[in-house]
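Peer 1: Going by numbering that gives the first Met the number 0, the residue at position 14 of the sequence shown is 13; the numbering climbs one at a time, nothing skipped.
Each residue gets a CB set at the ideal place from its N, CA and C atoms; glycine is no exception.
Since this is a predicted model, take the numbers as computed values, not measurements.
What follows is a structure written as structure tokens; I'll ask about it next.
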Amino acid sequence: MVEFEGLITDVAKRLLMYAVTTLPPDVKEALKEAHRRERSPLGRAQLEAIIKNAELAEETGRPICQDTGTINFYIRAGFYPTKLHRVEEALRRAVKEATTEVPLRPNAVNPFTNENTGNNLGVGIPNIEWEFTQS
Numbered sequence: 000m001v002e003f004e005g006l007i008t009d010v011a012k013r014l015l016m017y018a019v020t021t022l023p024p025d026v027k028e029a030l031k032e033a034h035r036r037e038r039s040p041l042g043r044a045q046l047e048a049i050i051k052n053a054e055l056a057e058e059t060g061r062p063i064c065q066d067t068g069t070i071n072f073y074i075r076a077g078f079y080p081t082k083l084h085r086v087e088e089a090l091r092r093a094v095k096e097a098t099t100e101v102p103l104r105p106n107a108v109n110p111f112t113n114e115n116t117g118n119n120l121g122v123g124i125p126n127i128e129w130e131f132t133q134s
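Structure representation (structure tokens):
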């Protein structure tokens, strides 16, 4: 049986990879439509580059953009979860591992020293927002 934290870490890493390598179908179509309608040669070239980057990202499993952004997790949980205290640790482990494995651009910087942590971890980073439900 897969352990609870390992499962969360694995799923979170897969979701992070998916998020930085795959555009939703409606976004892909909107980019193609914008390319068809664009009159400016420079604008068409930029849209063409974005579309090609998105296609290459899906084919190669590499991020669409070099800046993979700030990581946010939105967690919905019941009021009486028995293992909730271990979720944050598993998500932080997923971020650290995904930073090197995907790879993700390390964007966490200490506000006082201006040093990059190199692993996308810091105080309050990644951001984890909780919603507690009745179920």
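Are Asn119 and Val101 touching if we call contact CB-CB under 8 Å?
Peer 2: Numbered from its first residue, the sequence shown carries residue 119 at position 120. Numbered from its first residue, the sequence shown carries residue 101 at position 102. For Asn119 and Val101, no; Cβs fall outside 8 Å.
Peer 1: So Thr20 is in the beta strand (DSSP E); what residue range does that whole segment cover?
Peer 2: Walking along the sequence shown from the start, residue 20 turns up at place 21. From DSSP, Thr20 is part of no beta strand (DSSP E) but of the alpha helix (DSSP H) over 3–20.
Peer 1: Helix, strand or coil for Gly123? Go by DSSP, reduced to three states.
Peer 2: Here residue 123 corresponds to residue number 124 of the sequence shown, with the count starting at 1. Coil at Gly123, not helix or strand.
Peer 1: Using only the alpha-carbon positions, how far apart do Leu14 and His34 sit?
Peer 2: Locating residue 14 in the sequence shown gives position 15, where the first residue counts as 1. Locating residue 34 in the sequence shown gives position 35, where the first residue counts as 1. If I take the Cα positions, the gap works out to 28 Å.
Peer 1: For Asn115, which three-state DSSP category applies?
Peer 2: Mapped onto the sequence shown, residue 115 falls at position 116. Strand.
Peer 1: Is it buried or exposed, Thr81, if we count other Cβ atoms within 10 angstroms and call 16 or more buried?
Peer 2: On the sequence shown, position 82 is the one that residue 81 refers to. Label assigned to Thr81: exposed.
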